[in-house]
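Below you'll find the structure, written out as structure tokens, and then a few comments.
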Amino acid sequence: MTCFTHPIDFSTLQPRIHAPILRQRLSRLIASSHPDNALSSIMTNSHLSIWQEGWQKISTTKVDGGQQPSVVDSEQAATDWLIDLFNTVFAHQKVVLVRGQGEPEYLPATDTLPARIEFAHGFFASALHEISHWCIAGKARRQLADFGYWYAPDGRSEAQQQAFERVEIKPQALECLFTLACRRVFRVSQDNLFADFDTSSSTFALDVYQQAEDYIARPHTLPRDAKTLLHTFLCVCN
């Protein structure tokens, strides 16, 4: 494991995430555990090239005069792309990724409707974060609203913050891998801007980094759906 005495730079994981060996190992893991995985047909049909072309366009788009598009336009395009990719790859699981109007929320499937992963305010990072929680959640938790977790809002006590960070290590490690696989910048979130206690001794960022590092070294420990999604991102955004 890597040790740090300075702010964590998650971008140092980028070369290892995009190394061909990780994609190859994920491919073998997916094939061996799910020989009839829907990903197999998806990766050999037109979806892959469409997503690749879409991502290239998002990554290089300029407007008249050579200026970058606005943040709002860029987020809209990126989240549209992500919604299409996720909803196609996981269509067989009766779940949809949805751009929410407010705070994030997970609604389990009903007899007539698929489960809904609603991410906050149309942000790409929020979408990846909520997807990460869905990947971590097992079958039982996916049947519960918000995966059965109680969320304490900003302004948590020290004990609440410590509990929050313990629960968030693996989801944020997955979010880190997904974000870097899409060649974007990952920022860890302690989500407690109004804390009234000293947070300087928190090891949360390092814990997230080391968990992400461990997932890269031991991809067989990734949740099943995280393997599938990470492999897809690496094939599309490489």
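According to my numbering, the stretch in the sequence shown is residues 1186 to 1423, in order.
Each residue gets a CB set at the ideal place from its N, CA and C atoms; glycine is no exception.
Fair warning: this is a prediction, and the values are worked out from it, not measured in the lab.
Nearest to residue 1289 by alpha-carbon distance, out of 1415, 1396, 1317 and 1297, is 1317.
Cβ contact annotation for residue 1214 (same chain, cutoff 7 Å, sequence separation greater than five): 1404, 1405 and 1412, in chain order. In this structure, the CA atom of residue 1391 is about 23 Å from the CA atom of residue 1312. Nearest to residue 1294 by C-alpha distance, out of 1327, 1242 and 1350, is 1327.
Here the alpha carbon of residue 1308 sits roughly 29 Å from the alpha carbon of residue 1296.
Residue burial is scored here from C-beta neighbours: residue 1242 has fewer than 16 other C-beta atoms within 10 angstroms and is therefore classed as exposed.
With contacts defined as CB atoms closer than 8 Å, residue 1362 and residue 1193 fail to qualify as a contacting pair. Approximately 13 Å separates the beta-carbon atoms of residue 1356 and residue 1302; this is outside 8 Å, ruling out the contact.
DSSP lists 1282 and 1291 as the beta-bridge partner residues of residue 1302.
The criterion of a C-beta distance shorter than 8 Å is not satisfied by residue 1274 and residue 1415. Residue range 1231 to 1245 is occupied by the alpha helix (DSSP H) that includes residue 1239. When DSSP states are grouped into helix, strand and coil, residue 1346 belongs to the helix group. Counting along the chain, the unbroken alpha helix (DSSP H) around residue 1216 starts and ends at 1205 to 1218. Under the three-state reduction of DSSP, residue 1194 is assigned to coil, being neither helix nor strand. Per DSSP, residue 1367 lies in no alpha helix (DSSP H) and is assigned neither H nor E.
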